[in-house]
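Student: First the structure, which I've put down as structure tokens, then a few questions once you've had a look.
Protein chains: 2
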Amino acid sequence: MPVYNAPIRDMKFLMHEMLDASQLQQYERFSEVDKDLMDAILEESGKFAQEVLTPLNVVGDHEGCTRNDDGSVSVPTGFPEAFKTMAENGWTSLGHDPEYGGQGLPGIVGIAAGEMQSSANMAFAMYPGLTNGAIKAISIGGSDEQKQTYLPKMITCEWTGTMNLTEPHCGTDLGLLKTKAVPNGDGSYKISGQKIFISAGEHGMSDNIIHLVLARAEGAPEGVKGISLFIVPKFKLDAEGNPGEKNGVSCGSIEHKMGIHGNSTCVMNYDDAEGYMIGEENKGLRVMFVMMNRARLDVGMQGLSQSEVAYQNAVAYATERLQGRSLTGPKNEKGPADPLIVHPDVRRMLLETKAFNEGARALVFWSTLHEDLELVHPDEAFREKCDDYMGLLTPVIKGYITDKAVHTTVDCQQIFGGHGYVEEWGMSQFVRDTRIAAIYEGANGIQALDLVGRKLARKGGRALMSLSKEIDGFLAENGDNENIAEFITGLKEAKDQLNEGTMWLMQNGMGNPDNAGAGSVDYMHMMGLTMLSYMWAMMAVTAQKAIDEGTDDDFYANKLITGRYFVSRMLPMVGAHLAKLKTGAEPLMALDAAAF
Amino acid sequence: MPVYNAPIRDMKFLMHEMLDASQLQQYERFSEVDKDLMDAILEESGKFAQEVLTPLNVVGDHEGCTRNDDGSVSVPTGFPEAFKTMAENGWTSLGHDPEYGGQGLPGIVGIAAGEMQSSANMAFAMYPGLTNGAIKAISIGGSDEQKQTYLPKMITCEWTGTMNLTEPHCGTDLGLLKTKAVPNGDGSYKISGQKIFISAGEHGMSDNIIHLVLARAEGAPEGVKGISLFIVPKFKLDAEGNPGEKNGVSCGSIEHKMGIHGNSTCVMNYDDAEGYMIGEENKGLRVMFVMMNRARLDVGMQGLSQSEVAYQNAVAYATERLQGRSLTGPKNEKGPADPLIVHPDVRRMLLETKAFNEGARALVFWSTLHEDLELVHPDEAFREKCDDYMGLLTPVIKGYITDKAVHTTVDCQQIFGGHGYVEEWGMSQFVRDTRIAAIYEGANGIQALDLVGRKLARKGGRALMSLSKEIDGFLAENGDNENIAEFITGLKEAKDQLNEGTMWLMQNGMGNPDNAGAGSVDYMHMMGLTMLSYMWAMMAVTAQKAIDEGTDDDFYANKLITGRYFVSRMLPMVGAHLAKLKTGAEPLMALDAAAF
């Protein structure tokens, strides 16, 4: 049975020592959020993840979800009880608006709790995760009445939510969608069509399911300009606002997937279902995109979460499994063999994962803190900078982290040898579950296009300029810190290479957009690596400071060792991506489509 | 339902145009093997793979194998009939010794047929594949009587074979194995112990199963010096040599695995089973390692086979699926959207796979031809060179190709978006099936250690010196071929970087073996990429020659385009691996084991 230990120590290091998240307390909105409260939430959330969710992870994978003959869906054993516990203990309401019953906590606390829940049981955590997304969409675009009607029940997860975008013939290209909405004359619509890949689409864990559905209102223009967003509850609400009559929406079947078996991914059929428009007609995608931007951050976090739990299990195995001898002579002379962890190549796979995880967590936390500050900071320029950063980095966090997480979970599985391939040890599940994160919420190639095609050039490239300026300031401030010299040198070099890539895209992508498309994924990885380099440099400054102050906690020295792995063995990839990027579109576009 | 089209055209190009495999015909052993015969086998083998094996691939994945209450194992629907057809049509005997009923064909023909069978249905192809391995081991180490008793029936697959190495507590480190063999006094032994992960361990498709079992004879020394190899038939043979009394071996359970569900991977329990020693006591590993060297080449081929079939399906999807518009304006104006293949990043994933597949196939064929020549070439120095090459490159072919195949199958799955994640389209299966190839027959980290720890230094580094000399000769000969200049430059650069890596390992790996271990996987990838660069340069010379001679077949121009992708976008990885390798052991060994 796989293990999971919530990485509380690392989270506290980031929140308090590196990021000083308590700075949020000075603002009215977060005035009650002190260090002790944050720590208490981390610790309790970690316990909940470890004790309640972890044991259900393998169960969920093994049992999956079943559509019953009456159209209802059964979730895995133990999920309903755990769901109830989660809701009752308030784990679903952390970041939400107090006006609707939320706890109003900063996002950085919520994403930490989210990481732990997702590490423990990604398929399970998707049920509240999708609900979060739906809450966000209603918050952004819904009317006051809609907010009052739906949000309080959704924040407690008495009602859950779903996002209905994909149809059989379209996923990325939503302009093709066919689901239609015909006005009833009373402000409501009749929604008809088929949606696929709907996570948490049907189950019995909540009293109602609030489906958010993209559809084309009758007479709307073709393409992306004619798409509206609708609320379609599983049960229509009665006069008291309670679930009443069944609506015309049903689960047609459950998708058989590579992983996340514990989540009920459904084909949803809408047959004259009653729906209520969110926001303006034909403006549905706007709301959806604002919501999705946030969801993409969460998907990056999901990649990290699986890489973390895979890492922990690989460490446990590498420490316990005795196999072979160290190349430099026995290290466990009295035993029949040495533990796997004596082997440099096993350590390589572990350190690649560890250095990635800690860097990625820093990036996710740092970004989320900027999102929090955007809400409360008095300086408009600062708030704009936060918004710029989030826009620029969201596709990087989603695309780079989940791409890399697929590789790190595969590496962690590799450490188990044949035992990694059989399902008994749970490593296969981590690989299979992680895999979806690189696909959904916009496949990673789309993230890369969003980055080079939209985000990079937005507002004259202001976001990257601010970020570069910030990094330059950091380099100037810490350039003479000799104890962490390699972090500074590495960051400087990565940043220069990233700039070279940016320049190349500017010079070559305008005239031929295929040049930008051809280098987009390489550029996304360059930016991901450069941001992790920045995070590692900041972590190194923080750790070195503790060492200079005479700490006796090995945590800090180990942080530097892990970071040095990142600098020496992961940063060289920036140059390889740059070399690929600079080859442009020609090597990709020269072959006739029929010759593939 | 996934498609598969046997890549006959590419295979013929390699066999006839690049490698001139017909040169084998000049030698007595292969005197009947002309071009027409080779082509006929390719074509018929391709048909068998496409028509018989491909339709059963999804079936095998879906149904898996079942252990029945009586200990028998049921294989997926259709497998027994296909197995019978395969055996009756002679597909299992291609390369085997005519003395025992084999067809005596060159290995290059066999590996081509093997690739097609494996692309079509990897789990199925493992049944004859394991039998091949067992035949090899008996051929290498068995007595004449053993050969006459077992080989004829195994070559026809009336009897199948298995390899029993792994035990619950040991896989890589066979010195720990506990299965014991007690002499019966009549030359036979009683074998007792448990083996796990035994592919094709039990099934009803053959009249007998010949298990080859590593065990420790009573009183043998501890460690690897006390291991012997035994034949343990499922049914003991009666006086006429036919399967008679059931032996003391049984399938305890079926392993639940990430993939290759159609193959019955068994826990095998030996309980005083009658066994017969192969070769000398305590020398069992020698036989096993000679056999495994060959098997590792086949595993590299398996990685290629899955990458090929995943590629073909991704191309079909990218060509048919309409989604989004080209960045340079619509290419399918009358349709609702453009096919995916207009997008540079989709092409990147396809070309990465295509360039890898064609290069890897060339390497597998080129190597196998050397293996064939080793058998027949009159010049002893040439035969030694062939043996050197096989020794050096086998771990590279196994480790590099299967590592990369995991990534290419993931890329091909990515092109399908959400449809790649659901099992319906079959892309998940390719990823899941491929994954085992990086693990079994010696996990890839072990391949890398074998390369840097043994193969590189063997006979004073003679193998790599010969290979370097050959490549230098090629570069000198083709250095002025301006039409393929980038192939020459790329190969020269890759070779120089590989040399730099080799020098670094020599200078730093002797004093501290952990330096060699730390760079081993990077070095293996460098050598894999350099060899693919050599293959691509040879293919470019061949293709350019056809173009210069006025061919009107686009195949050749497309070959060059694909090769140029390799040179510009895959070769930069050699430098990244070199940079990592040169960081040495320090970044990997600095962290205390308890601090992971």
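Protein chains in written order, with this note's numbering: chain W, 599 to 1194; chain Z, 599 to 1194. Note that CB positions come from ideal geometry on N, CA and C, so glycine has one too.
1. Can you find at least 3 beta carbon pairs, one from the stretch 829-838 of chain Z and one from the stretch 899-907 of chain Z, that sit closer than 8 Å?
2. Taking CB distances under 8 Å as the criterion, tell me whether Cys663 of chain Z reaches chain W.
3. Gly791 of chain W bridges to which residues according to DSSP?
4. Please list the terminal residues of the continuous alpha helix (DSSP H) segment that includes Trp689 of chain W.
5. Under a three-way DSSP split, which group does Glu630 of chain W fall into?
6. Just tell me which of W:Ile706, W:Tyr625, W:Val650 and W:His854 has its CA closest to the CA of Val601 of chain W.
7. Distance check for Ala1174 of chain W and Gln1027 of chain Z, CA to CA, integer angstroms please.
8. Can you tell me whether Ala638 of chain Z is buried or exposed, with buried defined as 16 or more other CB within 10 angstroms of its CB?
9. Consider the Cβ of Ser717 of chain Z: report whether some Cβ of chain W lies at a distance smaller than 8 Å.
10. Compare the beta carbon distance of Val1119 of chain Z and Leu622 of chain Z with 8 Å and say whether it is the shorter of the two.
11. Please classify Val780 of chain W: does DSSP put it in a helix, a strand, or coil?
12. Can you tell me whether DSSP reads Leu961 of chain Z as helix, strand or coil?
13. Within this structure, are the beta carbons of Gly877 of chain Z and Leu827 of chain Z separated by less than 8 Å?
14. Within the same chain, show all residues whose beta-carbon is closer than 6 Å to that of His1196 of chain W, passing over the 5 residues directly before and after it, in chain order.
15. Helix, strand or coil: which one does DSSP assign to Arg923 of chain W?
16. Between the C-alpha atoms of Met856 of chain W and Val1029 of chain W, what's the straight-line distance to the nearest angstrom?
17. Based on DSSP bridge pairs, tell me the residues matched to Cys849 of chain Z.
18. For the structure I just gave you, are there three or more beta carbon pairs, one from the stretch 1128-1138 of chain W and one from the stretch 1154-1164 of chain W, closer than 8 Å?
19. Could you tell me which uninterrupted alpha helix (DSSP H) segments, each at least 4 residues in length, are contained entirely in the stretch 972-1045 of chain W, listed from first to last along the chain?
20. Hey, out of Z:Pro1111, Z:Glu1068 and Z:Gly1161, whose CA is closest to Gly1088 of chain Z's CA?
21. Below 8 Å on the Cβ atoms is my contact criterion, and I expect Asp1009 of chain Z with Gly1115 of chain W to pass it. Report the Cβ-Cβ distance as a whole number of Å.
22. Using a Cβ-Cβ cutoff of 7 Å, what residues of the stretch 1165-1187 of chain W are near chain Z? List them in chain order.
23. Arg919 of chain Z: which of W:Gly769, W:Lys952, W:Ile789 and W:Gly785 sits nearest, CA to CA?
24. Applying a beta-carbon distance threshold of less than 8 Å, which residues of chain W neighbour Glu1021 of chain Z?
25. Once DSSP output is grouped into helix, strand and coil, what is the label at Leu703 of chain Z?
26. Quick one: what does DSSP say Gly1077 of chain W is sitting in, helix, strand or coil?
27. Which residue's Cα is closest to the Cα of Gly688 of chain W: W:Ala798, W:Cys755 and W:Glu978?
28. Among W:Pro781, W:Glu1075, W:Val830 and W:Thr764, whose alpha-carbon lies nearest the alpha-carbon of Ala871 of chain W?
29. Quick one, which residues of the stretch 778-798 of chain Z are near chain W if we go by CB-CB under 9 Å, in chain order?
30. State the DSSP-derived secondary structure class of Leu812 of chain W, mapped to helix, strand or coil.
31. Alpha carbon to alpha carbon, what distance is there between Gly922 of chain W and Asp618 of chain W?
32. Do Gly791 of chain Z and Phe777 of chain Z have their beta-carbon atoms positioned less than 8 Å apart in this structure?
33. Asn1156 of chain W versus chain Z: which residues are under 8 Å apart at the beta carbon?
34. Buried or exposed: which applies to His854 of chain W, given that a residue is buried once 16 or more other Cβ atoms fall within 10 Å of its Cβ?
35. Taking the continuous alpha helix (DSSP H) assigned at Pro766 of chain W, which residues delimit it?
36. Tell me which same chain residues have a C-beta within less than 6 Å of the C-beta of Tyr998 of chain Z, skipping the five on either side of it?
Tutor: Straight from the coordinates:
1. no
2. Here residue 663 of chain Z corresponds to residue number 65 of the second sequence, with the count starting at 1. By the rule that beta-carbons nearer than 8 Å mark a contact, Cys663 of chain Z does not touch chain W.
3. Counting from one through the first sequence, the residue named residue 791 of chain W turns up at place 193. Answer is W:Tyr868.
4. The residue given as residue 689 of chain W occupies position 91 in the first sequence. That residue, Trp689 of chain W, is in no alpha helix (DSSP H); it is neither H nor E in DSSP.
5. Translated into the one-based positions of the first sequence, residue 630 of chain W becomes position 32. Glu630 of chain W: coil per DSSP, three-state reduction.
6. In the first sequence, the residue the question calls residue 601 of chain W occupies position 3. Per the Cα distances, W:Val650.
7. The residue labelled residue 1027 of chain Z in the question sits at position 429 within the second sequence. The residue labelled residue 1174 of chain W in the question sits at position 576 within the first sequence. Between Gln1027 of chain Z and Ala1174 of chain W, the C-alpha separation is close to 30 Å.
8. Taking the second sequence and counting its residues from 1, one reaches residue 638 of chain Z at position 40. Label assigned to Ala638 of chain Z: exposed.
9. On the second sequence, position 119 is the one that residue 717 of chain Z refers to. No, its Cβ sits nowhere closer than 8 Å to a Cβ of chain W.
10. The count along the second sequence starts at 1 and reaches residue 1119 of chain Z at position 521. The count along the second sequence starts at 1 and reaches residue 622 of chain Z at position 24. Their beta carbons are not under 8 Å apart, which means Val1119 of chain Z does not touch Leu622 of chain Z by this criterion.
11. As a working note, residue 780 of chain W is residue 182 in the first sequence. It is a strand residue.
12. Locating residue 961 of chain Z in the second sequence gives position 363, where the first residue counts as 1. Note: Leu961 of chain Z maps to helix in three-state DSSP.
13. Residue 877 of chain Z sits at position 279 when you count from the first residue of the second sequence. Residue 827 of chain Z sits at position 229 when you count from the first residue of the second sequence. Contact: yes.
14. A query on residue 1196 of chain W cannot be resolved here, the shown segment of chain W reaching from 599 to 1194 and no further.
15. Counting from 1 along the first sequence, the entry for residue 923 of chain W is found at position 325. Arg923 of chain W falls in the coil class under three-state DSSP.
16. For the purposes of this step, residue 856 of chain W is identified with residue 258 of the first sequence, where counting begins at 1. For the purposes of this step, residue 1029 of chain W is identified with residue 431 of the first sequence, where counting begins at 1. Those two C-alpha atoms are separated by around 9 Å.
17. Position 251 of the second sequence holds residue 849 of chain Z. DSSP lists Z:Met866 as partners of Cys849 of chain Z.
18. yes
19. 978-1013, 1016-1019 and 1025-1033
20. For the purposes of this step, residue 1088 of chain Z is identified with residue 490 of the second sequence, where counting begins at 1. Proximity to Gly1088 of chain Z across Z:Pro1111, Z:Glu1068 and Z:Gly1161 peaks at Z:Gly1161, based on C-alpha coordinates.
21. Start at 1 with the first residue of the second sequence, and residue 1009 of chain Z comes out as number 411. Start at 1 with the first residue of the first sequence, and residue 1115 of chain W comes out as number 517. Not really, about 16 Å apart at Cβ, beyond 8 Å.
22. Ser1166, Arg1167, Pro1170, Met1171, Gly1173, Ala1174, Ala1177, Lys1178, Thr1181, Ala1183, Pro1185, Leu1186 and Met1187
23. Position 321 of the second sequence, counting from 1, holds the residue named residue 919 of chain Z. It is W:Gly769.
24. Within the second sequence, numbered from 1, the residue matching residue 1021 of chain Z stands at position 423. The contacting residues are His854, Lys855 and Met856.
25. Along the second sequence, read from residue 1 onward, the residue named residue 703 of chain Z stands at position 105. Under the three-state reduction of DSSP output, Leu703 of chain Z falls in the coil class, being neither helix nor strand.
26. Residue mapping note: residue 1077 of chain W aligns to position 479 of the first sequence, counting from 1. Of the three classes helix, strand and coil, the one that applies to Gly1077 of chain W here is coil, per DSSP.
27. One-based indexing of the first sequence puts residue 688 of chain W at position 90. Nearest option by C-alpha distance: W:Cys755.
28. By one-based count along the first sequence, residue 871 of chain W stands at place 273. Nearest C-alpha to Ala871 of chain W: W:Val830.
29. Ile794 and Phe795
30. As a first step, residue 812 of chain W must be located in the first sequence, where it is residue number 214. Residue state, collapsed to three classes: strand.
31. Reading the first sequence from its first residue, position 20 is the one you call residue 618 of chain W. Reading the first sequence from its first residue, position 324 is the one you call residue 922 of chain W. Each residue's Cα considered, the two are about 45 Å apart.
32. Taking the first residue of the second sequence as position 1, residue 777 of chain Z is located at position 179. Taking the first residue of the second sequence as position 1, residue 791 of chain Z is located at position 193. According to the sequence as given, residue 777 of chain Z is Thr; it is not Phe. Taking 8 Å as the Cβ cut-off, Thr777 of chain Z and Gly791 of chain Z qualify as a contacting pair.
33. For the purposes of this step, residue 1156 of chain W is taken as the residue at position 558 of the first sequence. Within 8 Å Cβ-Cβ: Leu1189, Asp1190 and Ala1193.
34. As a working note, residue 854 of chain W is residue 256 in the first sequence. Exposed, by the Cβ-count rule.
35. To locate residue 766 of chain W, count along the first sequence from 1; it is residue 168. Unbroken run through Pro766 of chain W: none, as it is neither H nor E.
36. For the purposes of this step, residue 998 of chain Z is taken as the residue at position 400 of the second sequence. Excluding positions up to five away in sequence, the list reads Met1122, His1123 and Gly1126.
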